[in-house]
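Enquirer: Would you mind keeping the following structure in view while I ask a few things?
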Amino acid sequence: MNMKKFERLRHIRYFSNSLRNLPKQYSSADTTRLTLVHFCVQSLDILECLPEHADCCGEVEREIYIYNREEIIEWIYGLQTLPTLVKSRESDDGGESSSTTTFAGYVGGGFKGGTYLGPLPNASESGNYVETGEDDDWQSSTVEEEYHPYDHSHLAMTYVAICTLLALGDDLSRIHKTAILQTLKSLQKEDGSFVAISSNCRATSSAALGAESEADDDCDLRFMYLAVTIWYLLTDLTSNSDEDDEDKSEDSTIDTQSATNYILSCITYDGSLGLTPGREGHGGSTFCGTASLYLMGVLDDVMAREDLRGWREDLIRWCVARQHSLPKSNKGEHEENGECNNGYLDWEGHASGMQGRPNKLQDTCYSYWIGGTLHILSESHLLDGWALREYVLTCQSPYGGFGKVVGANPDPLHSFYTLAWLAMSGEQGCCEEDDDYDDRNGYESEIREQVQESIGRLSKLDCALGMCAKRRPVFQKAATMHGNV
Numbered sequence: 000m001n002m003k004k005f006e007r008l009r010h011i012r013y014f015s016n017s018l019r020n021l022p023k024q025y026s027s028a029d030t031t032r033l034t035l036v037h038f039c040v041q042s043l044d045i046l047e048c049l050p051e052h053a054d055c056c057g058e059v060e061r062e063i064y065i066y067n068r069e070e071i072i073e074w075i076y077g078l079q080t081l082p083t084l085v086k087s088r089e090s091d092d093g094g095e096s097s098s099t100t101t102f103a104g105y106v107g108g109g110f111k112g113g114t115y116l117g118p119l120p121n122a123s124e125s126g127n128y129v130e131t132g133e134d135d136d137w138q139s140s141t142v143e144e145e146y147h148p149y150d151h152s153h154l155a156m157t158y159v160a161i162c163t164l165l166a167l168g169d170d171l172s173r174i175h176k177t178a179i180l181q182t183l184k185s186l187q188k189e190d191g192s193f194v195a196i197s198s199n200c201r202a203t204s205s206a207a208l209g210a211e212s213e214a215d216d217d218c219d220l221r222f223m224y225l226a227v228t229i230w231y232l233l234t235d236l237t238s239n240s241d242e243d244d245e246d247k248s249e250d251s252t253i254d255t256q257s258a259t260n261y262i263l264s265c266i267t268y269d270g271s272l273g274l275t276p277g278r279e280g281h282g283g284s285t286f287c288g289t290a291s292l293y294l295m296g297v298l299d300d301v302m303a304r305e306d307l308r309g310w311r312e313d314l315i316r317w318c319v320a321r322q323h324s325l326p327k328s329n330k331g332e333h334e335e336n337g338e339c340n341n342g343y344l345d346w347e348g349h350a351s352g353m354q355g356r357p358n359k360l361q362d363t364c365y366s367y368w369i370g371g372t373l374h375i376l377s378e379s380h381l382l383d384g385w386a387l388r389e390y391v392l393t394c395q396s397p398y399g400g401f402g403k404v405v406g407a408n409p410d411p412l413h414s415f416y417t418l419a420w421l422a423m424s425g426e427q428g429c430c431e432e433d434d435d436y437d438d439r440n441g442y443e444s445e446i447r448e449q450v451q452e453s454i455g456r457l458s459k460l461d462c463a464l465g466m467c468a469k470r471r472p473v474f475q476k477a478a479t480m481h482g483n484v
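In this text, residue positions in the sequence shown follow numbering that gives the first Met the number 0: the first is 0, and each later residue adds one.
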């Protein structure tokens, strides 16, 4: 199997076209349309082809592609949900004093995934929110319309909205930061995990915020990662840029101690992390837990704990063991050449992809989830980087983008996460040239040079945050210009 070239121009065409049109099969994803926009915009940012100005088109190698930045920004801000300002209520216990039983602050702040509810009031217009009164009745503050009962914010949509706005060069001046941060606080449960959806309707219940925190919803490491990342990014807006990351653990928005304990409770016998305590380890949840610990500034301290001795080594071993060669060809061509080993191609010189867990097929997105975990641990050099590059490049589509496996049609999710890993594959010695590399023919050497040069042009990635590193300074700039809403 010969390595394929990195088809940069085709990938640009694929993502720019996907921003305008997607096949009808994607109609079922309308409620999460914002994630599709996120994958496309972030990928174009990694490919270093987003214009830095507000023009409606870009040019790459004399080819014009359509790109209307301002329209996308306005559409995203239109998805910012209208938060509810919950007033604290004091309940008289019959004694000499009364006690406050509910939290005073916003819930429902964030973004939803699409325009499936039609035009609704949103928080992007300065000052918009809905207020609850003493008897739990709706009271209109700056909007006349009653809040729609299904206009919910979601952690995943809030995360991708912030990252996409950053990639588009927006200054975040219309994000209701206070409402989002206070909503994060309301979504954390006593065990440290996070509820994914914040419903304003829950805020009108008698238990108000307490009901929000204890709601029976999905609570796993995916939403832990989303909540921690949102908190990390938005607290950057309100803190000194010179402060150490460790200072974030003192912030009261989320309970970092209980969040840390929940993540540690998800460690499995083999060192990986399950989505929830007691579940099988998985590449995605392992990244989410590891990245969350890193962003909270406690990863090194946790791994140095006496009661977790050996966990770091087990985690690294599990991640490295997820790289496997492709199964042998049905035609038996590799067997005839004596190149197969128990049904798998020899490791050296052949594509080797990443599986999400033992005994599963390789999948391009796990090059990021597991490769990213090793990157955070500064152990990327333990992977066979060139073999993994060869695998993901074999999954390139002739139309641009990457499929889940070899021969699969491309989709925005796998295409983005594959590009994300490629963008960091040149770091930490992951893809250094081997001195004893067997250059069997000049063609293969030429392809490797093209791949090395093309991938070297990709924008550097902030692995833990999942976006281009060059976009981080925007947060400090926005804090200086606009402060906290």
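No residue lacks a Cβ here, since even glycine has one placed at the ideal position from N, Cα and C. Please read all numbers here as calculations on a predicted model, not as lab measurements.
Using only the alpha-carbon positions, how far apart do L387 and S351 sit?
Expert: 5 angstroms
Enquirer: To the nearest angstrom, how far is the alpha carbon of I11 from that of V40?
Expert: 10 angstroms
Enquirer: Taking the Cβ atom as the reference point for each residue, do Q79 and F110 lie within a distance shorter than 8 angstroms?
Expert: Cβ distance < 8 angstroms, so Q79 and F110 count as in contact.
Enquirer: Spatial neighbours of T228 within its chain, please: CB distance less than 7 angstroms, with the 5 preceding and 5 following residues excluded, ordered by chain position.
Expert: Y158, L294, L464
Enquirer: So what's Q256 in DSSP terms, helix, strand or just coil?
Expert: Of the three classes helix, strand and coil, the one that applies to Q256 here is helix, per DSSP.
Enquirer: Give me the Cβ distance between Q395 and K23, rounded to the nearest whole Å; I'm assuming they're in contact under 8 angstroms.
Expert: Wrong, their Cβ atoms sit about 24 angstroms apart, outside the cutoff.
Enquirer: Hey, is the segment 423 to 432 in contact with the segment 24 to 37, meaning 3+ C-beta pairs nearer than 8 angstroms?
Expert: no
Enquirer: Report, in whole angstroms, the separation of the C-beta atoms of D299 and D269, which I expect to be a contact under 8 angstroms.
Expert: Their Cβ separation, rounded to whole angstroms, is 22 angstroms, which puts D299 and D269 out of contact at 8 angstroms.
Enquirer: Can you tell which of C364, S251, S192 has the C-alpha that lies nearest to the C-alpha of G402?
Expert: C364
Enquirer: Got a sec, what are the start and stop residues for the beta strand (DSSP E) S324 sits in?
Expert: 322 to 324
Enquirer: Out of curiosity, what's the CA-to-CA distance linking G273 and C287?
Expert: If you take the alpha carbons of G273 and C287, they lie about 10 angstroms apart.
Enquirer: In terms of alpha-carbon separation, which member of M302, I266, L21, C218 lies closest to H153?
Expert: Among M302, I266, L21, C218, the Cα nearest to that of H153 belongs to C218.
Enquirer: Let's test the definition: count the other Cβ atoms within 10 Å of the Cβ of K176 and tell me whether it reaches 16, buried, or not, exposed.
Expert: buried
Enquirer: To which residues of the same chain is E6 closer than 7 angstroms at the C-beta, ignoring the five residues directly before and after it?
Expert: Q395, G399
Enquirer: Round the Cβ separation of S197 and V106 to the nearest angstrom and send it over; I've been treating them as touching at under 8 angstroms.
Expert: 6 angstroms
Enquirer: Could you tell me the alpha carbon to alpha carbon distance between L21 and P411, rounded to whole angstroms?
Expert: 10 angstroms
Enquirer: Of the residues R356, G309, W310, which one's Cα is nearest the Cα of Q322?
Expert: R356
Enquirer: Three-state secondary structure (DSSP) at Y149?
Expert: coil
Enquirer: Taking C-alpha atoms, which residue in V405, T275, L225 lies nearest to I253?
Expert: L225
Enquirer: Name the DSSP beta bridge partners of Q354, please?
Expert: When beta bridges are read from the DSSP output, Q354 appears opposite Q361.
Enquirer: Tell whether a beta-carbon distance below 8 angstroms holds between G371 and C430.
Expert: no
Enquirer: Start and end of the alpha helix (DSSP H) containing T80?
Expert: T80 -> no alpha helix (DSSP H), and no H or E assigned at all.
Enquirer: Which residue marks the beginning of the beta strand (DSSP E) containing G104, and which one marks its end?
Expert: That run of the beta strand (DSSP E) goes 104 to 106.
Enquirer: Run through the segment 150 to 204 for me and flag every whole beta strand (DSSP E) of 3 or more residues, listed as ranges in chain order.
Expert: none
Enquirer: For the alpha helix (DSSP H) containing Q41, name the first residue and the last one.
Expert: 32 to 45
Enquirer: Would you report the Cα separation of L165 and S27, rounded to the nearest angstrom?
Expert: Those two C-alpha atoms are separated by around 27 angstroms.
Enquirer: So, with DSSP's three-state summary, where would you put G282?
Expert: helix
Enquirer: How would you write the range of the alpha helix (DSSP H) that T414 sits in, first residue to last?
Expert: The identity of residue 414 in the sequence shown is Ser, whereas the question assumes Thr. Where S414 is concerned, the enclosing alpha helix (DSSP H) stretches over 411 to 423.
Enquirer: Between Y261, Y390, Y367, which has its C-alpha nearest F222's C-alpha?
Expert: Y261
Enquirer: Judging by CA-CA distance, which residue of E378, N358, L418 is the nearest neighbour of H281?
Expert: N358
Enquirer: Going by DSSP in three states, Q449 sits in which element: helix, strand or coil?
Expert: In the structure shown, the three-state DSSP call for Q449 is helix.
Enquirer: On the three-state DSSP scale, how would you describe D219?
Expert: Residue state, collapsed to three classes: coil.
Enquirer: So for V85, helix, strand or coil by DSSP?
Expert: strand
Enquirer: Output the distance between the C-alpha atoms of L418 and S42, rounded to the nearest integer angstrom.
Expert: 7 angstroms
Enquirer: Which residues in the same chain as T163 place their Cβ atom closer than 8 angstroms to its Cβ, once the five residues preceding and following it in sequence are excluded?
Expert: L33, V36, H37, V40, Q41, I71, I75
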